[in-house]
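Undergrad: Sending over a structure as structure tokens; questions will come in a sec.
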Ligand SMILES: Cc1cc2nc3c(=O)[nH]c(=O)nc-3n(C[C@H](O)[C@H](O)[C@H](O)COP(=O)(O)O)c2cc1C
């Protein structure tokens, strides 16, 4: 497990190689294994492969431009009438996607949607309209998914910072 965690990086350049359905299914399965507040599993996923739609998604924020070049994008949505911890549940789910992507030989990146955009907050309604996401639902982020263009440079043991760890009291 630590190997995948160490290898995981935010990848923003992808090969022009499709992601097989079986791999996508494993990634989505990992998302659905994520812990959720009260076990509500309030997330919903929109898978986008259409080029024009990905192009439009990449305009959601200044930090989403590379999204258009991924073979597919997973938009992580959330129904607040079902669950009560939108940000936490969606973000943990996104991390499962990130890690299972690595396990499948793929790569991804957490691309912020909620509260993002220019002006701030504009990205979410923009993405919702584009993907026909029902009114009451929220969108936390997009996860582009594909094969990394360059070899993944993983994290290093030297990132361990003992000074950040406090025992018993701060
Ligand atoms: C909450 C959150 C929001 C992020 N938003 C974006 C984003 O909008 N665009 C982007 O390119 N990267 C985004 N990232 C990725 C971070 O920039 C990245 O995780 C960080 O630079 C560390 O690099 P690493 O993931 O390769 O370890 C986000 C990450 C998190 C956790």
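Numbering (this note's numbering), first residue to last: 8 to 177.
Where a beta carbon is used, it is the ideal one built from N, C-alpha and C, also for glycine.
#1: Beta carbon of residue 140, beta carbon of residue 53: below 9 Å?
#2: List the DSSP bridge partners of residue 17.
#3: Please indicate yes or no: does the CB of residue 14 lie closer than 8 Å to some heavy atom of ligand 1?
#4: Does the beta carbon of residue 77 fall short of 8 Å from some heavy atom of ligand 1?
#5: In its own chain, which residues sit with a C-beta less than 6 Å from the C-beta of residue 137, not counting the 5 before and 5 after it?
#6: Counting only runs that start and end within the region 90-160, where is the beta strand (DSSP E) found for 3 or more residues in a row?
#7: Please list, in chain order, all residues of the same chain as residue 103 whose beta carbon is under 6 Å from its beta carbon, the five residues on each side excluded.
TA: The relevant details are as follows:
#1: Here residue 140 refers to the residue found at position 133 when the chain shown is read from its first residue. Here residue 53 refers to the residue found at position 46 when the chain shown is read from its first residue. Cβ atoms of residue 140 and residue 53: closer than 9 Å.
#2: By 1-based counting over the chain shown, the position of residue 17 is 10. Per DSSP, 115.
#3: On the chain shown, position 7 is the one that residue 14 refers to. Not under cutoff, so the answer is no.
#4: For the purposes of this step, residue 77 is taken as residue 70 along the chain shown, with counting starting at 1. It does not: the Cβ of residue 77 is nowhere closer than 8 Å to a heavy atom of ligand 1.
#5: Numbered from its first residue, the chain shown carries residue 137 at position 130. Taken in chain order, the residues that qualify are 63.
#6: 145-153
#7: As a working note, residue 103 is residue 96 in the chain shown. Taken in chain order, the residues that qualify are 37, 38, 41.
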